[in-house]
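Structure first, commentary second.
Protein chains in written order, with our numbering: chain A, 1 to 287; chain B, 1 to 287.
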């Protein structure tokens with residue numbers, strides 16, 4: 001048995017999954033109890049700064065590119081002509097930055113309930129908030145579920161649910177009733193995307209249920225895309241897309257290949273590869 | 001700061017990478033100091049049995065399919081007609097099982113220096129050793145470097161280096177001189193494949209050096225394929241292929257798509273997707 005980790009480490013235990021991930025930390029930079037959650041920022045030895053919400057790793061400077069590129073670009077290259085984008089959650093602004101890389105996008109509205117997350121990102125993850133002054137970006141700090149309720153029918157092209165896990169503040173974002181409201185505000189041909197947890201841990205539970213709930217909520221097609229994410233449980237994560245009158249298993253592949261975006265992970269080939277799910281996932285999702 | 005993990009966990013600290021991965025264990029099933037390394041087997045709460053060599057996670061029952069499928073099938077579907085396969089290392093026999101799924105393979109010789117690994121696999125990972133009685137399989141317990149030295153020129157179609165990390169018993173398997181000898185025993189059109197560590201941690205070091213060394217050793221092309229591997233450092237791993245008079249960036253894609261192998265991860269699409277490296281890797285490998 002190896003030794004326990006001492007107090008120079010931040011450790012997240014993945015309850016129910018019998019695994020844990022640790023990063024060596026050199027300093028605690030920030031800690032605040034917001035009205036919604038407990039927020040901490042650490043300096044790590046090898047992953048840059050680390051943001052933690054309610055004890056769960058949210059992101060590090062070193063590897064957040066994986067998640068942020070994969071929650072943004074597949075959805076945007078699946079929609080035929082995305083102009084009006086809405087992000088629910090996403091307070092660290094990394095997803096917003098990726099969306100704004102698309103020149104055709106005319107307006108991005110981000111609604112995160114917790115302004116402290118954005119303030120911490122501005123201080124400790126400045127690369128992620130570098131596009132916040134883009135005139136196409138609007139940041140609101142409000143209840144995303146309520147915002148969706150009040151939004152007009154058919155008013156959004158791409159809706160991105162960039163939330164924490166389906167417990168705590170984000171619980172309401174994983175319910176069929178909410179998905180139905182998302183469907184309502186999407187214009188015909190619209191695309192919704194939601195982070196959907198670990199392919200290894202959740203293919204037979206959260207991912208399968210989310211896909212079923214999306215179809216029940218009125219969406220016509222769904223697609224789950226896995227990708228590596230070292231600091232999340234199992235080191236492997238996913239997003240799930242849903243289309244309103246659109247097949248989300250196809251995308252603007254030649255546009256994705258031709259776009260010269262300054263990315264680290266996403267490519268047209270990665271998108272196509274991710275759409276072809278590993279056989280074990282297919283079996284669990286179809287069970 | 002979260003609490004330290006107590007003694008109910010097995011923790012591997014990734015030295016120099018500032019991260020650690022832990023599995024909750026329920027029992028220690030086996031422990032032996034072999035002539036070559038310290039071997040332990042644990043029962044875990046959620047990953048099945050776990051084999052540890054010199055303190056490093058080798059495999060678990062739950063997620064070894066990723067590594068074993070990706071070290072075997074891409075190389076076999078890259079070669080035009082693989083009949084004679086050699087595995088250096090691979091004592092747990094999981095790679096051997098995958099190779100034997102290919103009906104065209106006539107002979108697989110596996111040379112692992114440590115018989116205790118295979119004996120432990122037979123007891124605690126019986127699914128992996130289930131094909132060991134296949135008449136096409138020959139298991140030898142000997143020094144792989146020496147075996148390669150004594151093998152005839154042009155006598156192998158696919159050579160698989162299924163080793164531990166490039167420290168300790170496997171150190172000699174990561175040297176240019178050894179790669180040159182591998183090149184010698186491969187027949188024209190032959191393919192070599194080697195596990196090549198983490199895309200996140202090692203793209204600018206071990207992977208880049210291995211690719212350079214392969215080309216220096218006489219190989220004509222190289223290709224690195226990343227894939228998820230939750231229990232290895234960073235949860236993301238890779239294999240690197242090298243071709244002797246063969247372009248290993250292409251493969252028998254229609255054969256791979258048509259083969260009805262009972263796999264959990266590998267598909268023709270996954271193979272093609274992996275060949276298109278993430279941009280950050282390309283930049284580091286070409287630096």
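Beta carbons: idealized from backbone N, C-alpha and C, even for Gly.
A quick note: this is a predicted structure, and the numbers were derived from the prediction, not measured.
Below-8 Å beta-carbon distance, residue i vs any chain B residue
i                      : result
residue 265 of chain A : yes
residue 302 of chain A : The question about residue 302 of chain A has no answer here: the residues shown for chain A are numbered 1 through 287.
residue 2 of chain A   : Reliability of the predicted coordinates at residue 2 of chain A is poor, the pLDDT of 41 falling under 50, and no value is obtained from them.
residue 17 of chain A  : yes
residue 128 of chain A : no
residue 200 of chain A : yes
residue 188 of chain A : no
residue 280 of chain A : yes
Whole-angstrom C-beta distance between residue j and residue i, which should lie under 8 Å
i                      : j                      : result
residue 217 of chain B : residue 246 of chain B : 15 Å between Cβ atoms; not a contact.
residue 19 of chain A  : residue 233 of chain A : 7 Å
residue 220 of chain A : residue 244 of chain A : 7 Å
residue 24 of chain B  : residue 8 of chain B   : 6 Å
residue 50 of chain A  : residue 44 of chain A  : 5 Å
residue 10 of chain B  : residue 42 of chain B  : 6 Å
residue 226 of chain A : residue 256 of chain A : Going by Cβ atoms, the distance from residue 226 of chain A to residue 256 of chain A rounds to 18 Å, so no, they are not a contact pair.
Chain A contact for residue i (CB, 8 Å cutoff)
i                      : result
residue 269 of chain B : yes
residue 82 of chain B  : no
residue 147 of chain B : no
residue 20 of chain B  : yes
residue 273 of chain B : yes
residue 23 of chain B  : yes
residue 284 of chain B : no
residue 287 of chain B : no
For residue i: DSSP bridge partner residues
i                      : result
residue 228 of chain A : A:236
residue 49 of chain A  : A:43
residue 147 of chain B : Per DSSP, none; premise fails for residue 147 of chain B.
residue 189 of chain B : Residue 189 of chain B is not bridged to any residue.
residue 38 of chain B  : B:33
residue 28 of chain A  : A:42
residue 107 of chain A : A:84
residue 243 of chain B : B:191 and B:221
residue 140 of chain A : A:111
residue 57 of chain B  : B:52
residue 117 of chain A : Residue 117 of chain A is not bridged to any residue.
residue 11 of chain B  : B:22
residue 159 of chain B : B:86 and B:192
Any non-hydrogen atom of the ligand ATP within 7 Å of residue i CB
i                     : result
residue 24 of chain B : Looking at this structure, you won't find the ligand ATP or any other ligand, since it has none at all.
Contact list for the region 27-45 of chain B against chain A, Cβ threshold 7 Å = 44 and 45
ask   = Got a sec: which bits of the region 41-75 of chain B sit with their beta carbon under 7 Å from any beta carbon on chain A, in order along the chain?
value = 44, 45, 46, 47, 55 and 63
task = Anything in the region 223-235 of chain A with a Cβ closer than 7 Å to a Cβ of chain B? List those residues in chain order, please.
result = 228, 230, 234 and 235
message = Does the region 226-242 of chain A come into contact with the region 182-198 of chain A, if we say contact requires no fewer than three beta-carbon pairs (one atom in each stretch) closer than 8 Å?
response = yes
message = Below 8 Å, how does it come out for the region 47-64 of chain A and the region 151-158 of chain A: are there three or more Cβ pairs, yes or no?
response = no
message = Pairs of beta-carbons, one from the region 128-143 of chain A and one from the region 86-101 of chain A, closer than 8 Å: are there three or more?
response = yes
message = Under 8 Å, with one C-beta from each stretch per pair, do the region 73-83 of chain A and the region 113-122 of chain A reach the 3-pair mark?
response = no
request  = Determine, using beta-carbon pairs with one atom in the region 256-271 of chain B and one in the region 273-282 of chain A, whether at least three such pairs fall under 8 Å.
outcome  = yes
request  = Give a yes or no on contact between the region 186-194 of chain A and the region 117-126 of chain A, applying the rule of three or more CB pairs nearer than 8 Å.
outcome  = no
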